[in-house]
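J.: The following block contains the structure, expressed as structure tokens.
2 protein chains.
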Amino acid sequence: MASHAVPVRDRRAPEERRALLLEAAGAVVAVHGFDGATVRDVAKQANVSTGLVHHYFDSFPDLLAEVFAKEAEGERDRLSAATSAISEPLERLDKLVALYAPRADDPGWFIWFSAWSAAPRQPKLRASAERIHREWSSEFEEALRAGTEAGAFRCADPRGTTRRLLSLMDGLATQAVATRSLQAAEVAHDIAIAVAAETGLAPEDFPEVARIGTGPLPG
Amino acid sequence: MASHAVPVRDRRAPEERRALLLEAAGAVVAVHGFDGATVRDVAKQANVSTGLVHHYFDSFPDLLAEVFAKEAEGERDRLSAATSAISEPLERLDKLVALYAPRADDPGWFIWFSAWSAAPRQPKLRASAERIHREWSSEFEEALRAGTEAGAFRCADPRGTTRRLLSLMDGLATQAVATRSLQAAEVAHDIAIAVAAETGLAPEDFPEVARIGTGPLPG
DNA sequence: CAGGGTATTGAACAGCTGTCCAGTAGCCCT
DNA sequence: AGGGCTACTGGACAGCTGTTCAATACCCTG
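Residue numbers (the numbering used here), protein chains in the order written: chain A, 3 to 221; chain B, 3 to 221.
Shown next as structure tokens:
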């Protein structure tokens with residue numbers, strides 16, 4: 003008689019299980035996007051039943067919103083940590099731009115793009131995306147203002163410059179993610195030109211930006 | 003005895019019915035996006051059964067791809083028609099940018115954004131989007147090259163400038179569509195700054211761009 | 001070592017999706 | 001006028017979705 007294989011249960015502390023589910027959901031979203039990810043995908047990825055997912059999250063959209071918030075906040079904190087220590091304004095702006103810029107095979111941008119896409123149908127996701135976009139804008143604006151006050155460069159309208167630089171990089175990222183037809187060198191060049199024009203400096207003044215796509219992440 | 007209401011059939015020539023279905027699908031997509039649109043929505047919009055939709059289109063994704071191609075080609079043709087007649091290079095670039103730029107409540111940009119979002123899961127949609135993006139790029143590149151040769155302005159790298167301007171406008175459009183938190187005046191200003199910087203002219207040299215959002219479509 | 005608390009299961013549910021196809025009804029041609 | 005071609009219907013289908021819940025198996029406490 004064939005022995006009946008009993009499913010190995012894997013009981014965890016609620017806190018840990020929640021974290022594991024978020025991690026699993028992140029992995030699924032990285033592949034299928036926020037549209038396209040399903041409860042069953044996440045459950046399978048976490049080696050768990052679909053019922054358990056709803057035991058820890060009121061609804062699946064809630065889980066997705068939390069995945070995005072966690073991911074985006076982590077990215078923002080990494081960026082903050084890597085730039086807040088730099089006191090030289092020009093150097094700081096250089097690094098800030100270089101870290102925000104789209105990079106070939108950067109999964110982070112796929113998540114963002116996917117989040118904006120799903121946002122119209124998922125209010126919580128949209129709220130998170132808007133909040134973190136604002137936070138990032140503040141980071142840029144602050145760096146531009148500080149650099150201008152310190153006389154490192156000239157920026158007449160930090161708010162406008164932020165809007166233009168982020169829009170440019172968002173647009174480049176969209177192309178990079180959606181078509182994969184963008185060369186890393188082109189992207190680096192485009193961003194250097196734009197940030198130079200906005201600050202009255204030369205592209206050569208932004209060495210970190212120039213390095214985009216030519217090596218490992220500078221963070 | 004209540005008389006049994008017989009559904010009024012509305013027999014049409016195949017050509018006409020196809021056009022009507024495309025039109026109905028366009029209306030549905032304009033509201034629900036490419037993800038989110040369903041066969042039943044389209045059938046209802048066209049006052050027709052779902053079976054008929056499949057009688058005219060091999061699959062629903064095929065129909066959606068055709069909707070996008072038709073819409074985007076129409077937009078491109080309108081843009082082409084409005085600018086090809088302008089012989090003065092600066093004036094032509096001005097109008098070209100003003101027509102491409104995102105506008106408050108412009109349904110065209112929602113369709114584009116929605117198409118890019120759905121592209122990863124819908125190869126035909128993606129192919130169309132890439133093709134038409136290339137065609138629009140060519141239009142800009144050509145205008146920049148012509149203007150430079152005629153001495154109307156200076157543009158060292160028409161291909162790069164096109165990439166930067168379109169990326170900027172794509173990024174602005176994304177924000178406009180996804181968050182609706184962008185002022186028309188800001189958008190106009192941002193684009194004028196960028197196109198001026200790219201051509202070595204002043205923002206005031208682009209009056210049509212300045213008019214973005216302040217009046218009816220200049221086309 | 002017994003018992004309660006709870007993390008976990010997995011089947012069942014209603015509702016949606018695109019697709020199919022046998023049957024029906026209207027127009028055109030002879 | 002009548003027969004055939006075909007535009008068209010609408011129900012049925014399999015497969016997916018998020019969500020629910022009674023039953024279960026494990027751990028910790030007493």
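For every residue, glycine included, the Cβ atom is placed at its ideal position computed from N, Cα and C.
In terms of residues, what are the limits of the alpha helix (DSSP H) holding GLU206 (chain B)?
T.: Careful: GLU206 (chain B) lies outside any alpha helix (DSSP H) and carries neither H nor E.
J.: When the cut-off is 9 Å and only beta carbons count, does LEU168 (chain A) lie next to chain B?
T.: yes
J.: Between the beta-carbon of ALA152 (chain B) and the beta-carbon of PRO91 (chain B), is there less than 9 Å?
T.: yes
J.: What separation, rounded to the nearest whole angstrom, lies between the Cα atoms of ALA212 (chain A) and HIS34 (chain A)?
T.: 31 Å
J.: For ALA74 (chain B), which of B:PHE112, B:PRO209, B:LEU22 has the nearest alpha-carbon?
T.: B:PHE112
J.: Following the continuous alpha helix (DSSP H) through THR216 (chain B), name the residue where it begins and the one where it ends.
T.: Unbroken run through THR216 (chain B): none, as it is neither H nor E.
J.: Buried or exposed: where does HIS191 (chain B) fall if 16 or more other Cβ atoms within 10 Å of its Cβ makes it buried?
T.: buried
J.: So, is THR40 (chain B) buried or exposed, given that buried needs 16 or more other C-beta atoms within 10 angstroms?
T.: exposed
J.: Listed from N- to C-terminal order along the chain, which residues in the segment 138-170 of chain B have their beta-carbon within a distance smaller than 8 Å of any beta-carbon of chain A?
T.: GLY162, ARG165, ARG166, LEU168, SER169, LEU170
J.: If contacts are defined as beta-carbon pairs under 8 Å, then PRO104 (chain A) and ALA175 (chain A) qualify, I think. What distance do you get, rounded to the angstrom?
T.: 4 Å
J.: In its own chain, which residues sit with a C-beta less than 6 Å from the C-beta of ALA178 (chain B), not counting the 5 before and 5 after it?
T.: PRO104, LEU184
J.: Just how far apart, CA to CA, sit SER130 (chain A) and ARG147 (chain B)?
T.: Those two C-alpha atoms are separated by around 42 Å.
J.: On a Cα-Cα basis, can you pick out the residue from A:ALA45, A:ASP37, A:TYR58 that is closest to GLU18 (chain A)?
T.: A:TYR58
J.: With PHE142 (chain A) as the anchor, note down where its alpha helix (DSSP H) starts and where it stops.
T.: 125-152
J.: In angstroms, rounded to a whole number, what distance separates the CA positions of PRO205 (chain A) and ALA15 (chain A)?
T.: Approximately 52 Å between the Cα atoms of the pair.
J.: Name the two residues that bound the continuous alpha helix (DSSP H) containing GLN47 (chain A).
T.: Run containing GLN47 (chain A): 41-47, per the alpha helix (DSSP H) assignment.
J.: Would SER5 (chain A) pass as an interface residue toward chain B - the criterion being a Cβ-Cβ separation below 9 Å?
T.: For SER5 (chain A), the predicted structure reports a pLDDT of 37, less than 50, and the residue's modelled location is therefore unreliable. A value from the coordinates is still provided. Chain B, which has no Cβ nearer than 9 Å to the Cβ of SER5 (chain A), makes this no.
J.: Can you find a CB in chain A that lies within less than 9 Å of the CB of PRO122 (chain B)?
T.: yes
J.: What does the alpha-carbon distance come out to for the pair ARG88 (chain A) and ARG94 (chain A)?
T.: Checking the displayed sequence, the identity of residue 88 (chain A) turns out to be Ile instead of Arg. So the alpha carbons of these two residues sit roughly 6 Å apart.
J.: In angstroms, rounded to a whole number, what distance separates the CA positions of ARG80 (chain B) and MET171 (chain B)?
T.: 18 Å
J.: Return helix, strand or coil for VAL50 (chain A), following the three-state DSSP convention.
T.: coil
J.: Give me the Cα-Cα distance between LEU98 (chain B) and GLY149 (chain B), rounded to the nearest whole angstrom.
T.: 13 Å
J.: Could you give the DSSP three-state label for SER183 (chain A): helix, strand or coil?
T.: In the structure shown, SER183 (chain A) sits in coil (DSSP, three-state: anything other than H, G, I, E or B).
J.: If you count every other CB in all the chains shown that lies within 10 Å of the CB of ASP60 (chain B), and 16 or more means buried, which is it?
T.: exposed
J.: Please determine, among B:ALA198, B:LEU101, B:ALA145, the residue with the shortest C-alpha to C-alpha distance to PRO160 (chain B).
T.: B:ALA145
J.: ALA2 (chain A) to PHE142 (chain B), Cα distance in whole Å?
T.: Past the edges of chain A, shown from 3 to 221, lies residue 2 (chain A), and the structure says nothing about it.
J.: How would you list, in chain order, the residues of chain B whose beta-carbon sits under 8 Å from the beta-carbon of GLN47 (chain A)?
T.: The contacting residues do not exist; GLN47 (chain A) stays about 19 Å from chain B at best.
J.: Which residue wins for smallest C-alpha separation from ALA84 (chain B), given the options B:ALA187, B:LEU101, B:LYS72?
T.: B:LEU101
J.: If you measure from the beta carbon of LEU174 (chain B) to each beta carbon in chain A, is any gap under 9 Å?
T.: yes
J.: Can you find a CB in chain A that lies within less than 9 Å of the CB of GLY38 (chain B)?
T.: At least one CB atom of chain A sits nearer than 9 Å to the CB of GLY38 (chain B).
J.: For GLY76 (chain A), collect the residues of the same chain with a Cβ closer than 7 Å to its Cβ; drop the 5 residues on either side in sequence, then sort them by chain order.
T.: none
J.: Let's see if you can read the secondary structure: which residues bound the alpha helix (DSSP H) around GLU90 (chain B)?
T.: From DSSP, GLU90 (chain B) is part of no alpha helix (DSSP H); its letter is neither H nor E.
J.: I need the DSSP call for PHE70 (chain B), collapsed to helix, strand or coil.
T.: Three-state result, PHE70 (chain B): helix.
J.: Does PRO125 (chain A) pass the burial test, meaning 16 or more other C-beta atoms within 10 Å, or should it be called exposed?
T.: Exposed, since its Cβ has fewer than 16 Cβ neighbours within 10 Å.
J.: On a Cα-Cα basis, can you pick out the residue from A:LEU203, A:ARG165, A:THR216, A:ALA117 that is closest to GLU188 (chain A)?
T.: A:THR216
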